[in-house]
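What follows is a short report on a single structure.
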Amino acid sequence: MAASLLESGWTYLITHFSDFQLACLGSFFLHESVFFLSGLPCIYLERAGWLSKYKIQTKNNTPAAQEKCISRLLLYHFCVNLPVMVFSYPVFRYMGMRSSLPLPSWKVISTQILFYFILEDFVFYWGHRILHTKWLYKHVHSVHHEYATPFGLTSEYAHPAEILFLGFATIIGPAITGPHLITLWLWMMLRVLETVEAHCGYHFPWSLSNFLPLYGGADFHDYHHRLLYTKSGNYSSTFVYMDWIFGTDKGYRKLKALKSYGDEAAGKDI
Numbered sequence: 001m002a003a004s005l006l007e008s009g010w011t012y013l014i015t016h017f018s019d020f021q022l023a024c025l026g027s028f029f030l031h032e033s034v035f036f037l038s039g040l041p042c043i044y045l046e047r048a049g050w051l052s053k054y055k056i057q058t059k060n061n062t063p064a065a066q067e068k069c070i071s072r073l074l075l076y077h078f079c080v081n082l083p084v085m086v087f088s089y090p091v092f093r094y095m096g097m098r099s100s101l102p103l104p105s106w107k108v109i110s111t112q113i114l115f116y117f118i119l120e121d122f123v124f125y126w127g128h129r130i131l132h133t134k135w136l137y138k139h140v141h142s143v144h145h146e147y148a149t150p151f152g153l154t155s156e157y158a159h160p161a162e163i164l165f166l167g168f169a170t171i172i173g174p175a176i177t178g179p180h181l182i183t184l185w186l187w188m189m190l191r192v193l194e195t196v197e198a199h200c201g202y203h204f205p206w207s208l209s210n211f212l213p214l215y216g217g218a219d220f221h222d223y224h225h226r227l228l229y230t231k232s233g234n235y236s237s238t239f240v241y242m243d244w245i246f247g248t249d250k251g252y253r254k255l256k257a258l259k260s261y262g263d264e265a266a267g268k269d270i
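Residues 1 to 270 in the UniProt record's numbering are what the sequence shown lists, from first letter to last.
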């Protein structure tokens, strides 16, 4: 039933819109919808003080800082992200991306998306470490770190050069595999939701990092934003194993161990 509804909806799309419209304008509209609908609640939570017991940092961003973030994001999305989607379309088409029926099986979709996550994490880790070298941090990456207390929308607040540089990590997987457009859309949605969650500023009992050992999440990435660029660590985007392998999470692990020890001591005192 669900599969037939999905195919019916997809048939409507490919009947009324061209491949170019779906791959470029459709992808852009989908990205903006998922990004802002998932990121805006973080602003309202912070302003209202709701769920404050789950907030990682006690500091809040000013409304002016939040509004600056939104205005810059709209500028960068229309002037950088959208043109990139348009100009990369021929590459994706050349590599075999299609939008026609039949839709790929869920096995194919899930395998490709898992591959994208692993490859993206590897490429992002090294690109992110490079951005934390002195010159690149000062002239490029420091823009993203203007928000030491991140909230969901800051996940994509960055210098245009960084958007292109780290954006490569997100598109390289689909670019070399030429997936069906629906796979590309699902990958984009999951990647957006993951990065918004990592920057949301809250560590909830239902956060994925509580259930998936290799998943970083908000607590892992929030540590990265709180420290000076030379000592931050935690460079990975989704998982934590790259930082563990190369020892760039030692500060974070030490802090977690001290916090755990403090909580245990407090429990014994009670």
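Glycine included, each C-beta is placed from N, C-alpha and C at the ideal position.
Within 8 angstroms, strictly: CB atoms of residue i and residue j
| i | j | result |
| --- | --- | --- |
| G167 | E197 | no |
| I163 | Y89 | no |
| S27 | M188 | yes |
| A161 | M95 | no |
| P104 | T15 | no |
| L255 | Y223 | yes |
| D219 | I43 | no |
| L186 | S99 | no |
| E120 | S237 | yes |
| L131 | V123 | no |
| L193 | I70 | no |
| T252 | G233 | Note that residue 252 is Tyr in the sequence shown here, rather than Thr. Yes, these two residues count as a Cβ contact at 8 angstroms. |
| P213 | M97 | no |
| H128 | Y235 | yes |
| T177 | Q112 | yes |
| N61 | Y147 | yes |
| Y125 | M242 | yes |
Boundaries (first-last residue) of the alpha helix (DSSP H) holding residue i
| i | result |
| --- | --- |
| W206 | Counting along the chain, W206 falls outside any alpha helix (DSSP H), and DSSP gives it neither H nor E. |
| H224 | G217 to R226 |
| Y241 | Y241 to F246 |
Buried or exposed (CB count within 10 angstroms, at least 16 for buried), residue i
| i | result |
| --- | --- |
| L6 | exposed |
| F29 | exposed |
| P63 | exposed |
| L181 | buried |
| I171 | buried |
| H225 | buried |
| G49 | exposed |
| A265 | Bear in mind that the predicted position of A265 carries a pLDDT of just 48, short of 50, making it unreliable; the figure below should be weighed with that in mind. A265 comes out exposed. |
| P150 | buried |
| A257 | exposed |
| Q144 | It is worth fixing the name first, because residue 144 is His in this sequence and not Gln. Per the 10 Å Cβ criterion, buried. |
| I245 | exposed |
| Y202 | buried |
| C200 | buried |
| L67 | Correcting the residue type first, residue 67 is Glu in the shown sequence and not Leu. So E67 ends up on the exposed side. |
| S18 | exposed |
| W10 | buried |
What ranges does the alpha helix (DSSP H) occupy inside the segment 135–199, keeping only unbroken runs of at least 4 residues that lie completely in it?
160–177 and 181–199
For the segment 84–145, which segments carrying the alpha helix (DSSP H) assignment without a break, of at least 4 residues, lie completely within its bounds, in sequence order?
106–131 and 134–139
Length-filtered (4 minimum) alpha helix (DSSP H) runs lying within the segment 23–64:
27–48
Counting pairs of Cβ atoms below 8 angstroms between the segment 31–38 and the segment 109–120, do you hit three or more?
no
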